[in-house]
Structure formats: structure tokens, C-alpha cells
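*Asks:* Note that the sequence shown covers residues 4 to 220 in the working numbering. Just so you know, even glycine gets a beta-carbon here, dropped at the ideal spot from N, CA and C. Since this is a predicted model, take the numbers as computed values, not measurements.
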Amino acid sequence: MNPNTEKNEENEATDYPRTHILFPTFEETKNGAPFYSDHLPILLSVNETEKPINIISYNILGHISCSGLHYKELGETESEEQQKERYHKMAQGLLRTAQKQSVDAIFLQETPPELMSPALKEVFGDDWEIVETDRTGIITCYNKQRFLCHEVTLDARHRVHTFLVRDKHTNTSVSLNNIWGIFSPVPFDGQEALYQRVLNNSADIAILALRDPLIFT
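Listed below in C-alpha cells is the structure:
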């Protein structure tokens, strides 16, 4: 073997180390390991009522064909069938997690609705409401056995999807806010005021899940 080639392969592998125990490495993705997102799902548990409200927030980085991988060769793409299969597997994984963790709502960001919504509706069935947005890449899901929805609003500019619901178990009003944050090194004008408005509403409890901000304050 050419020593220069061997050295390049070693550098290639070390250039993409494992950054988290659940993230794939360069070599794993190159060899086709079955990863479906390189963002981690986050489980939120709000204990402000007699029965906790459990929420998954998950940025699936789903708008590009190499979603789920740290690296792919330039020009490599998925077929339509491969895309559908990948999203179906993501929906199945979300359902397993929701069942295991007694999840009441799921907040998804950076999600193409034409691919993810059909998979979610097929996998989750009639007990869940799946609400997509056309332009923001946000999908919000809630368990209809837990919540009765009274109002839905969307701030498309700031990517805030808000649901005013009634908790059937505790008769508590809850504001569920799925936010795909603006990825920026500096806060945008009015950012703090925006999130304060989201939190200060008529609901007994306001839950805000903010994903993807890169803000240093």
C-alpha cells in the first residue's frame, strides 16, 4: 500500500471522531450503519400537574438526502423509496420511545411534511393528532387521549407553533410551544420579548421547547 494513501485514510478517520455516544462516526456512516438523524431527541418532563406531561423534541435534519449522517460523498443521494423507508423507520422509533416514556406530545423540527407526516399518521394511528406546517419545517403531534385542543397558532417568521390544549386528566389548560430556533451566534432583535410573549399567556402552564439556537449571552 502506498504510505501516503495509508496516512490519508488514518487522517480521514480521525477528522470525524465520535462526538457523542449516540452519534455515528465517519467510518460507521461510510459503511452504511442504520442511523436516521444526527440530532438527539430530547425528552422533557413537566411535573407541574398531578400527572407529568412528557414531551419529545427532535430536530431530525430531514430536509436533505444525507440526513442522519455526519458525512456522505458529494453527489450521493437517496432514492424515493429509500427516503420513504427512512422516514417510516424514524416514525417507528418515535412511537417506541413514546410508548416507553409515556409521551404526550412530540415536537419535530427541520422536517419535510410530505415525507414525515404520512409516516407518522400510518405508524401512530387515530389516537394521535399530527399537525404539519407548510413553510416552517415544523410538525407537532399530541396524544388525543391526553389533550383536547382549543386553538392552534403559527408564527411562521419566528418558527413558533403554539397549541392551547386542555389536559383531560387534570382539567388544566396548557400552552404547548414547538419552536425551531433561529440558528445564529447573536440574538435577533426582539428575541427575548418574543419568548416572553410565548410564555405569558392565559394557560395555566406554558411549555416551550426551543431547538437549534446558537446564541451566546
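If the criterion is Cβ atoms closer than 9 Å, does the pair Asp-129 and Phe-150 meet it?
*Replies:* Cβ distance not < 9 Å, so Asp-129 and Phe-150 don't count as in contact.
*Asks:* Within the continuous beta strand (DSSP E) that includes His-153, where are the two ends?
*Replies:* Element bounds for His-153: 150-158.
*Asks:* In chain order, what residues of the same chain lie with their CB nearer than 6 Å to the CB of Val-2, ignoring the 5 residues before and after it?
*Replies:* Since the first and last residues shown for the chain are 4 and 220, residue 2 lies out of range.
*Asks:* Please state whether DSSP places Val-163 in a helix, a strand or coil.
*Replies:* Three-state DSSP puts Val-163 in a strand.
*Asks:* For Glu-88, which option in Glu-113, Leu-118 and Leu-97 has the closest C-alpha, if you only look at C-alpha atoms?
*Replies:* That would be Leu-118, whose Cα lies nearest to the Cα of Glu-88.
*Asks:* Checking the sheet assignment: what are the DSSP bridge partners for Leu-196?
*Replies:* With the sequence shown as reference, residue 196 is identified as Ala, and Leu is not the correct amino acid for it. According to DSSP, Ala-196 bridges with nothing at all.
*Asks:* Could you check the C-alpha separation between Glu-51 and Leu-202 for me, to the nearest Å?
*Replies:* So the alpha carbons of these two residues sit roughly 15 Å apart.
*Asks:* Measure how close the beta-carbons of Leu-157 and Phe-166 come, nearest whole angstrom, since I'm counting them as under 8 Å.
*Replies:* Not really, about 10 Å apart at Cβ, beyond 8 Å.
*Asks:* Using a threshold of 9 Å, state whether the C-beta atoms of Ile-59 and Leu-97 are closer than that.
*Replies:* Yes, they are a contact pair.
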